[in-house]
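Q: The structure follows.
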Amino acid sequence: MLSVLSYGRLVARAVLGGLSQTDGRDYSLISASYGFGKDFRKGILKKGMCYGDDACFIARHRSADVLGVADGVGGWRDYGVDPSQFSATLMRTCERLVKEGRFIPSNPVGILTSGYYELLQNKVPLLGSSTACIVVLDRRSHRLHTCNLGDSGFLVVRGGEVVHRSDEQQHYFNTPFQLSIAPPGAEGVVLSDSPEAADSSSFDVQLGDIILTATDGLFDNMPDYMILQELKKLKTSNYDSVLQTAQSIAKQAHNLAYDPNYMSPFAQFACDNGLTVRGGKPDDITVLLSIVAEYAD
93 MLSVLSYGRL VARAVLGGLS QTDGRDYSLI SASYGFGKDF RKGILKKGMC
143 YGDDACFIAR HRSADVLGVA DGVGGWRDYG VDPSQFSATL MRTCERLVKE
193 GRFIPSNPVG ILTSGYYELL QNKVPLLGSS TACIVVLDRR SHRLHTCNLG
243 DSGFLVVRGG EVVHRSDEQQ HYFNTPFQLS IAPPGAEGVV LSDSPEAADS
293 SSFDVQLGDI ILTATDGLFD NMPDYMILQE LKKLKTSNYD SVLQTAQSIA
343 KQAHNLAYDP NYMSPFAQFA CDNGLTVRGG KPDDITVLLS IVAEYAD
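Written out as structure tokens, the structure reads:
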């Protein structure tokens, strides 16, 4: 039987142990982007952080770090509409909302909703469609809040393993959920989803966690095991190392996209849907790579 003194010591150790596990430091993200437009053979960043019809942003506010990627739907080009305009404007609007502090870190869907409805109310007509993924790190609580609409998405890697990932949203094969603005009279014809339909999640992160946010041009060409192999190159949490690793991942995905003999994840998915497809999927590729670090002013 434990004496009262021994029992008291055990309780004290348990309490102190619990307190020692509480990390009072603020966290932040060290982030870098790299990508390719499918019409280019080397990485070219267009004005406004756009790679082809993809767009992205990296923004900071005093309470949070926020990332976003969007993939403009290329089919609009057949109707004389530049698909990159919708995705780029959506991401620029979301970025501005974050920098102005007009968001709640625990509600990334709110950022996406506010950005989208601003586009709908724009006096200058804007047509197009886009998928979207937004990731928010609340610095003080150490929680990551995410929303994903469509087939862009994110991975969280810890200790060389994927511990969290987004769920892909597809209406049917190669037709992801998407935000849209249609010409007058065509609202019921153009596929359009509500931003509130985005899949949301919240979870704790740890120092050293790696967050990869990307458009489908990455995930359709690189399975998880290849991505994890590339992430092993990320040895430190400085910006240069993060950028070099983002470049390495994007370049490998770009090379695989043009390999006719490669059985890509997209080709496998097509085969699963009864189609005979082989090779990579030429597409715009956007990679946002981040590592969770201790916040420094």
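Quick note: the sequence shown uses the numbering used here, first residue 93, plus one each step.
Glycine included, every Cβ here is placed at the ideal spot set by N, Cα and C.
Grab the span of the beta strand (DSSP E) containing Y119 for me, first residue to last.
A: Note, Y119: beta strand (DSSP E), Y119 to F128.
Q: Within this structure, are the beta carbons of V201 and P287 separated by less than 8 Å?
A: Taking 8 Å as the Cβ cut-off, V201 and P287 qualify as a contacting pair.
Q: So what's P175 in DSSP terms, helix, strand or just coil?
A: In this structure, P175 counts as helix in the three-state DSSP scheme.
Q: Please classify D365: does DSSP put it in a helix, a strand, or coil?
A: Per the sequence shown, the amino acid found at residue 365 is Asn instead of Asp. Coil at N365, not helix or strand.
Q: Are there 16 or more other CB atoms within 10 angstroms of the CB of G315, so buried, or fewer, so exposed?
A: Note that residue 315 is Pro in the sequence shown, not Gly. So P315 ends up on the exposed side.
Q: Kindly indicate the opening and closing residues of the alpha helix (DSSP H) around E322.
A: E322 -> alpha helix (DSSP H) spans D316 to L323.
Q: Per DSSP, N266 is paired with what?
A: DSSP output for N266 lists no bridge partner at all.
Q: Does the stretch 223-239 come into contact with the stretch 267-274, if we say contact requires no fewer than three beta-carbon pairs (one atom in each stretch) closer than 8 Å?
A: These segments touch.
Q: Return the residue from the list R188, I341, M141 and I377 that minimises the CA-CA distance to S206.
A: Closest by alpha carbon: R188.
Q: Whether or not the stretch 337-350 and the stretch 233-250 are in contact is what I'm after, with contact meaning three or more pairs of Cβ atoms, one per stretch, closer than 8 Å; do they touch?
A: The stretch 233-250, when compared against the stretch 337-350, does not touch it at the 8 Å Cβ threshold.
Q: Count the other CB atoms, across all protein chains shown, that sit within 10 Å of the CB of T238; report buried if there are 16 or more and exposed otherwise.
A: Buried.
Q: Report yes if the C-beta distance between I122 and S382 is below 8 Å; otherwise report no.
A: Result yes, Cβ atoms of I122 and S382 sit closer than 8 Å.
Q: What are the partner residues of V161, as DSSP defines its beta bridges?
A: Paired residues: C148 and C225.
Q: Using CA coordinates, which residue listed in P275, N330, L241 and C363 is at the minimum distance from A292?
A: According to the sequence displayed, residue 292 carries Ser and not Ala. The candidate whose alpha carbon is nearest that of S292 is L241.
Q: Here's a check: name, in chain order, each residue in its chain whose Cβ is nearer than 7 Å to the Cβ of A124, leaving out the five neighbours to either side.
A: Result list for A124: Y331, V334, L335, A338 and L381, in chain order.
Q: Could you tell me whether the Cβ atoms of S176 and G144 are closer together than 8 Å?
A: Yes, the Cβ-Cβ distance between S176 and G144 is below 8 Å.
Q: Rank V228, R184, G371 and R250 by C-alpha distance to the C-alpha of N199 and give the top, closest one.
A: Nearest option by C-alpha distance: V228.
Q: Identify the continuous beta strand (DSSP E) that holds S382 and give its terminal residues.
A: I377 to E386 is the span of the beta strand (DSSP E), which, as asked, contains S382.
Q: Using DSSP with H/G/I as helix, E/B as strand and the rest coil, what is L218?
A: L218: coil per DSSP, three-state reduction.
Q: With F311 as the anchor, note down where its beta strand (DSSP E) starts and where it stops.
A: From DSSP, F311 is part of no beta strand (DSSP E) but of the alpha helix (DSSP H) over D308 to F311.
Q: Take every Cβ of the stretch 154-170, pair it with every Cβ of the stretch 363-370, and state whether three or more of those distances are shorter than 8 Å.
A: Too few Cβ pairs lie closer than 8 Å, so no.
Q: Can you give me the C-alpha to C-alpha distance between I303 and Y208, rounded to a whole angstrom?
A: Using only the alpha carbons, I get a separation of about 25 Å.
Q: Roughly how many whole angstroms lie between the Cα atoms of L320 and G252?
A: Their Cα atoms are separated by approximately 7 Å.
Q: Grab me the residues of R117's own chain with a C-beta within less than 6 Å of its C-beta, minus the 5 sequence neighbours each way, in chain order.
A: Answer for R117: E386, listed in chain order.
Q: Short check: CB of L219 to CB of P275, under 8 Å?
A: The answer is yes: Cβ separation under 8 Å.
Q: Between which two residues does the alpha helix (DSSP H) holding G202 run?
A: Here the alpha helix (DSSP H) through G202 covers P200 to L212.
Q: For I303, does the three-state DSSP call read helix, strand or coil?
A: Residue state, collapsed to three classes: strand.
Q: Could you check what DSSP says for E187 in three-state terms: helix, strand or coil?
A: The answer is helix: DSSP assigns E187 an H, G or I state.
Q: Quick one: Cα of T185 to Cα of K130, how far?
A: Between T185 and K130, the C-alpha separation is close to 24 Å.
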